[in-house]
Amino acid sequence: MAQISIGCSGWNYGDPVEKGGWVGSFYPDAQTKRLRYYSEFFPSAELDATFYEKFYSKMTGGTFYGMVKATPQEFQFSVKAPETVTHKKLMDVKKGALESLLDFLEKISPLKNANKLGAILLQLPPSFSVNEFKQVEGFLDRMPAGYDYALEFRHASWQTEGPWEMLRHYNVAAVMTDSPDPKLRYLSDVILTADHSFIRFHGRNKGYWYNYLYQEEELKSWIEKVNKITNDPKAKKLRIYFNNHYGGKAVANAIQFKEMIQEKEASKKEKDAKLKILNALSNATAQKKLSE
């Protein structure tokens, strides 16, 4: 049975809850060491800042060594590949996309060396269609072995058997998502293409996706899907990340989903954290209405 790891997409949300951050909802105050505190609740996190050139360009190997030191021994990070690889060079080996990936893997090597590297997330642009199939295949064929790769499609045209067979050939996980885009509804089906799987919960708002709090009924349908994945004899690992980060909603839903999967109550510490987040969100909403 596959090992399940549940966490959030990011942790470094330093704004107050009124501005969508986690200070005052999840984090006790602005001085809280966020990653260390986060790792007391979850065994894994998805790091998205590496995608953005304005942040990634300032990171060094020391950045990731610091992350190693700040977290427990068994903690793991799934890391999003830079936009240079997927959005600027469009996974085209002729444009140097592979070299950019290799540079990225070298930079995050402290995580791998410490056995704290989860999956490498490759998110395609929304405009990137199945017409670029050969381009993607050429890139996957040249990626270095020894990593868990996960690929997130964001265009409806990939809903054919060919892409799934391609991912199976290279043992790359097809990222399953929960999002408000009806054209991407097919990505909420169970798609097994590797010995590891990856699920991202983006929220269901049609405008700003990530400001959304899932209700229990909305999460129930995913319990059956998780069971199907974990019962697959080839499945070794299932990574689940909540990306509805606004105000700490991802934390509340991640704790809630963990309860539902394990069919047992959360710890007092987890329940207190979830209640604090929900109260902070409620108060922030009330204050906003008063000021309008």
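Residue numbers (my numbering): 120 to 411. In this text, a Cβ means the ideal position worked out from N, Cα and C, and glycines have one as well.
Whole-Å CB distance - residue i paired with residue j, under 8 Å assumed
i	j	result
GLN89	LYS207	Outside the shown range of the chain (120 to 411) lies residue 89, about which nothing can therefore be said.
TYR157	ALA164	7 Å
TYR333	PHE317	With a Cβ gap of about 18 Å, TYR333 and PHE317 do not count as contacting.
ILE374	LYS393	5 Å
SER228	GLY180	7 Å
GLY133	GLY140	6 Å
SER128	HIS364	6 Å
Residues sharing a beta bridge with residue i, DSSP
i	result
LYS199	LEU240
GLN126	With the sequence shown as reference, residue 126 is identified as Gly, and Gln is not the correct amino acid for it. GLY126 pairs with TYR360.
MET295	ILE318
PRO135	VAL142
GLU384	Its beta-bridge partners do not exist; DSSP assigns none.
LEU270	LEU241, ALA293
GLU165	SER128, SER197
For residue j and residue i, the rounded distance between their alpha carbons
i	j	result
GLY126	PHE161	6 Å
GLN192	LEU154	14 Å
LEU400	PRO299	22 Å
GLN150	VAL142	9 Å
ASP391	GLY237	28 Å
THR124	TYR331	With the sequence shown as reference, residue 124 is identified as Ser, and Thr is not the correct amino acid for it. Those two C-alpha atoms are separated by around 22 Å.
LEU338	PHE361	12 Å
ASN324	TYR266	33 Å
ILE287	TYR268	First, the amino acid is wrong: residue 287 is Arg here, not Ile. Each residue's alpha carbon lies about 11 Å from the other.
PHE183	GLU225	11 Å
VAL291	GLY185	28 Å
GLU251	ALA293	16 Å
PRO147	ALA168	23 Å
SER246	ALA275	10 Å
PHE174	SER219	16 Å
GLU159	GLU389	10 Å
GLU137	ASN131	16 Å
ALA405	ASN398	11 Å
LYS188	LYS177	19 Å
LEU357	LYS408	40 Å
PRO301	PRO135	32 Å
Cβ neighbours of residue i in the same chain (closer than 7 Å, five flanking residues each side left out)
i	result
ARG261	VAL212, LEU217
GLU210	Note that residue 210 is Met in the sequence shown, not Glu. Same-chain partners within the cutoff: VAL204, ALA216, GLN254, VAL255, PHE258.
ILE396	SER144, PHE145, GLY367, VAL370, ALA371
ILE380	ILE123, ILE342, VAL345
GLU202	PHE170, TYR171, GLU172
Contacts around residue i, its chain only, beta-carbon distance under 6 Å, and the 5 residues preceding and following it disregarded
i	result
TRP328	HIS321, GLY322
LYS347	VAL309
ASP314	LYS353, LYS355
GLU378	ALA385
LEU230	PHE183, PHE196, LEU236
MET285	GLU256
ASP297	SER307, PHE320
GLU271	GLN242, VAL294
ILE359	ILE125, ILE318
Residues near residue i by beta carbon distance below 8 Å, same chain, minus five either side
i	result
LEU221	PRO263
ASP351	ALA121, LEU311
VAL249	HIS274, SER276, TRP277, THR279, GLY281, PRO282
Continuous alpha helix (DSSP H) assignments of at least 4 residues falling wholly in the segment 298-374 | 335-349
List in chain order: all unbroken alpha helix (DSSP H) runs of 4+ residues lying wholly within the segment 210-256.
-> 216-226, 228-232
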